[in-house]
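Each remark here refers to the structure printed beneath this line.
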Amino acid sequence: MPLFHQAHAASDVRLQFIDWAKRHGHSPASGAASFVDQQADLDAAARHLPLNPGEDVRQELRRYLASLGEQQDVAVQFPPIYACRNPQGQGFRYSLTLVLAESGVEWKARVWSGLEYLGLIVGRGAGPRANYTRLARMAVEQELTSDTPRFTLG
1 MPLFHQAHAA SDVRLQFIDW AKRHGHSPAS GAASFVDQQA DLDAAARHLP LNPGEDVRQE
61 LRRYLASLGE QQDVAVQFPP IYACRNPQGQ GFRYSLTLVL AESGVEWKAR VWSGLEYLGL
121 IVGRGAGPRA NYTRLARMAV EQELTSDTPR FTLG
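One point on numbering: in the UniProt record's numbering, the residue at position 59 of the sequence shown is 59, and numbering is uninterrupted.
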């Protein structure tokens, strides 16, 4: 049984983390440390962890939350999250939704920088034998590395 199913408060932390990670464009692995670092009241929920003397409660909580991505019922809730940096060093994360049609593909990329949601980058493309995921990622990352990326609200 997972560590945090032992207490109601711990289960709430699990659900809060999953919701937070989805809203901020993180997978469990990429968001655990940031989530734990931003919370002041997680120590109470983490008290239920079986720790040895001297172990860091928050570090164990980070490990547990990051491992949620290995649980099938949690992993299916998260789309792949891609990352890139622009020439100025700003980091971006984005999820990608593809809609396939006979004539090509349309995509929507939801984009975040840090904890800020920036908006959508939308586009379309086609080509014989095109790898549509790669095509969409190249277009999104080209837009993100431009001087002024164009986002739509959504």
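Glycine residues also receive a C-beta, built at the ideal position from the N, C-alpha and C atoms.
A quick note: this is a predicted structure, and the numbers were derived from the prediction, not measured.
| Check | Outcome |
| --- | --- |
| Of the residues G127, V36, F17 and V111, the one placed nearest L144, counting alpha carbons only | V111 |
| Residue of A130, Q38 and V74 minimising C-alpha distance to A29 | V74 |
| CB contact flag (I121, V99, <7 Å) | no |
| Residues of its chain near G31, where Cβ-Cβ distance is below 6 Å and the 5 sequence neighbours each way are ignored | A21 |
| Of the listed residues G119, P87 and E102, nearest to H24 (C-alpha basis) | G119 |
| Residues bridged to E106 (per DSSP) | V99 and R124 |
| Rounded straight-line distance, which links the Cα of F17 to that of residue 200 | An answer regarding residue 200 cannot be provided, because it is not within the stretch 1 to 154 covered by the chain. |
| Three-state secondary structure assigned by DSSP to residue 166 | This structure does not reach residue 166, given that the chain is present from 1 up to 154, and the question cannot be answered. |
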